[in-house]
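Going by my numbering, 407 is the number at position 378 of the sequence shown; the sequence numbering is gapless.
Take a look at the structure below.
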Amino acid sequence: MWKNIGFKENPYDTKPLKVLKSDVDLLMGRESEQINFLTAIEVDSQGVFILSGVPGVGKTSFFNIQQYLLESGDALFGPQILAARTLCPIQTSDEPKNIVLRCIQSYCKSIEEYCISNKIKIPDQCIKVQAWVYQNKPATLNLGFSVMGNGLNFGREVHLPSVSDTTFETFVEIIGNLSIAVKEQIGFTGSFIVLDNIENLHVEDLHDCLTTFRDTLFTVPNIWWIIIGQSGLSSLIQSTNPKVFQRLSGSIELKPITIENLIKAVNIRVERFHLTETNGKSPITEETYLKLFESSNGEIRFVFKYCQEICVHLVQVVRKLLIAEKINIDDKSFQKFMGKFLVQKQIDNKFANDCLKEIITDEFNGLYLTQQEKRVLKKIGLLKKVKPKDFAEFKEFGIDTMQRFTNNFLTKLHSQQLLFRRQEGTAVTYELRGISVFAQEFELLD
Ligand SMILES: Nc1ncnc2c1ncn2[C@@H]1O[C@H](COP(=O)(O)OP(=O)(O)O)[C@@H](O)[C@H]1O
Ligand SMILES: [Mg+2]
């Protein structure tokens, strides 16, 4: 599909940047965040670091590039730490025990991937732990070392029950053992383990998990825990869980990159993925993608997603035209027809806007919002920003309590990605987000 518009690969790929040398140059801006992050990591051999920001702002990408730089030793400074190639995703109903088990699986996977790609022997513990988790049967593990007490105790045999009967503490001990194997056998000073998308936990569950982890997981030697979550996460922890907050080694709230950096980010991808190597242009004009950037409050993922969809839409339109006119869909006819929609090799702004309208309308209608929900959204758009406390403003829609406003509207619309949620301490505000900004512009809320 991309070759029809002159590309080897999708220049608007929405997937996060990976722990790869070739991805380093695709990360724009973030210089100051990088220094803050590397300095925080350099201070200690273990710790907990919070990386927060709105969805799609670039948290995972930022972190993966820092991981690449630290692991490879290419960073300006900082220790050599094994990257977490597999992140541990957090799900809504997770209990601490599920999370720690998933951490073990992700950690083993990361160790394995590193060893395979660098052609070195995978530590025995890692293989045995993986087999034990996979088989879910009692097993005797020669954990190699004991991390309990002080000093290393070699060749200790441990009898483990099946995974489902294993206690939280034992899981923690296993992580400690793996971390020693990474240090002793692979030669890193430490390892990253990443809890990704922690916003999936409800506030109370987040509190319980962090309290459980504080004196257990978070004290394992040589492990750097990175918690990736929603905007304002660190101030939320500060106000709801001060003891955990004191344990944190640092935090960064990622703000949207600048417009200049977004333009650079698009240009470098176009340059890298264009077929003819020279004179490649972004199929979507700057005007269109900057409008997407602005409407989404700086979410790069949103920008790339709709740029990609407009391109797909264009190719679909041209294919349909060719078929309707009974012309072969070969490259030559394709290029000829493409010309109708392109101005200097870029998709005409009017066409892009019409596509966007069609795409957003379909997507928005697919949510089957009630008339009342649409009108509430429209009003939020007029007010720009609302708090749960503002429920009285919405009396005309039969909303008479803060709880009803929050549960039936704010939380629901936020989970449908129609509202943007900002957190400062325990205070929360909501604004229209991405699709709903366009829904308002395209008059879909009336
Ligand atoms: N600083 C950046 N420069 C260029 N592209 C970026 C940058 N940060 C993120 N991206 C791109 O934005 C998209 C979303 O990034 P991602 O890291 O998945 O966001 P998040 O983890 O915050 O949801 C990806 O396509 C990624 O390649
Ligand atoms: Mg992410």
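Backbone N, C-alpha and C define an ideal beta-carbon position, used for all residues, glycine too.
Top-ranked residue by Cα proximity to residue i, from the options
| i | options | result |
| --- | --- | --- |
| D244 | K272, Y143, H443, N226 | K272 |
| N171 | L291, F333, D153, F467 | D153 |
| E392 | D360, E338, R298 | E338 |
| S465 | I389, T455, E422 | I389 |
| Q164 | C144, S191, I313 | S191 |
| F380 | P108, P125, V347 | V347 |
| Q259 | G216, I128, L473, V83 | V83 |
| V73 | S51, P108, S90, D54 | Looking at the sequence provided, one finds Asp at residue 73 rather than Val. D73 has its Cα closest to that of P108, out of S51, P108, S90, D54. |
| C155 | I145, E141, T430, K148 | E141 |
| G395 | K126, L473, K150 | L473 |
| K166 | D194, K148, I151 | D194 |
Cut-off 6 Å between Cβ atoms - residues of its own chain near residue i, not counting five sequence neighbours on either side
| i | result |
| --- | --- |
| N179 | Because the pLDDT of N179 is 47, which lies under 50, any placement of that residue in the model is unreliable, and the number read from its coordinates should be weighed accordingly. Contacts found: none. |
| Q120 | N229 |
| E470 | none |
| N33 | V344, F363 |
| K138 | T115 |
| M9 | Because the chain spans 30 through 475 in this model, residue 9 falls outside it and cannot be assessed. |
| T43 | R330, F333, K334 |
| A456 | none |
| H236 | T269, N270 |
Contact belief for residue i with residue j at Cβ below 8 Å, rounded distance in angstroms
| i | j | result |
| --- | --- | --- |
| G463 | E328 | 7 Å |
| L385 | F467 | 7 Å |
| I252 | S220 | 6 Å |
| P483 | S311 | Only positions 30 to 475 of the chain appear in the structure, and residue 483 is not among them; the question remains open. |
| L46 | L105 | Rounded, the Cβ-Cβ distance is 18 Å, inconsistent with contact. |
| N290 | G58 | 4 Å |
| I257 | F92 | 7 Å |
8 Å CB neighbourhood of residue i in its chain, flanking five on each side removed
| i | result |
| --- | --- |
| T169 | E186, V187, H188, L189 |
| S135 | A113, T115, L116, C117, I222, V223 |
| V232 | L265, T269 |
| I133 | V158, V162, F200, I203, I204, L207 |
| K413 | E460 |
| K126 | F197, F200 |
| V341 | M30 |
| N65 | G279, I281 |
| I145 | I151 |
Extent of the continuous alpha helix (DSSP H) to which residue i belongs
| i | result |
| --- | --- |
| G410 | 400-412 |
| L447 | From DSSP, L447 is part of no alpha helix (DSSP H); its letter is neither H nor E. |
| T317 | 315-324 |
| E300 | 288-302 |
| L461 | Where L461 is concerned, there is no enclosing alpha helix (DSSP H), although the beta strand (DSSP E) it sits in stretches over 456-461. |
| G205 | 197-210 |
| L385 | 378-394 |
| H342 | 329-353 |
| L189 | It is not in any alpha helix (DSSP H) - L189 instead sits in the beta strand (DSSP E) that spans 186-189. |
| N33 | Per DSSP, N33 belongs to no alpha helix (DSSP H) and is neither H nor E. |
| I64 | 60-71 |
| I464 | 464-470 |
| H231 | Element bounds for H231: n/a, residue is neither H nor E. |
Contact test: residue i Cβ vs ligand 3 heavy atom, cutoff 8 Å
| i | result |
| --- | --- |
| I257 | Looking for ligand 3 in the displayed structure turns up nothing; the ligands present are ligand 1 and ligand 2. |
Sequence-distant residues of its chain with Cβ nearer than 7 Å to residue i (five each side left out)
| i | result |
| --- | --- |
| F247 | V77, W254, R276 |
| F434 | P417, F420, F423, I428 |
| E315 | I292 |
| S90 | P45, L46, L56 |
| L439 | P417, L448, Y459 |
| F217 | Q109, I110, L111, V211 |
| L371 | D377 |
| E453 | G261, S264 |
Residue i vs residue j beta-carbon contact at 9 Å
| i | j | result |
| --- | --- | --- |
| I70 | L262 | no |
| G35 | T317 | no |
| L319 | C336 | no |
| K403 | D475 | yes |
| V249 | Q75 | yes |
| G87 | L49 | no |
| I313 | Q375 | yes |
| F302 | K37 | yes |
| Y97 | V53 | yes |
| S81 | L283 | yes |
| L350 | L406 | no |
| I215 | I149 | yes |
| F366 | I356 | yes |
Continuous beta strand (DSSP E) stretch holding residue i: start and end
| i | result |
| --- | --- |
| F78 | 76-81 |
| S122 | Note, S122: premise wrong, no beta strand (DSSP E); not H, not E. |
| S220 | 219-225 |
| A421 | Premise fails: A421 is in no beta strand (DSSP E) and is neither H nor E. |
| L170 | 168-171 |
| E282 | 279-282 |
| I252 | 252-258 |
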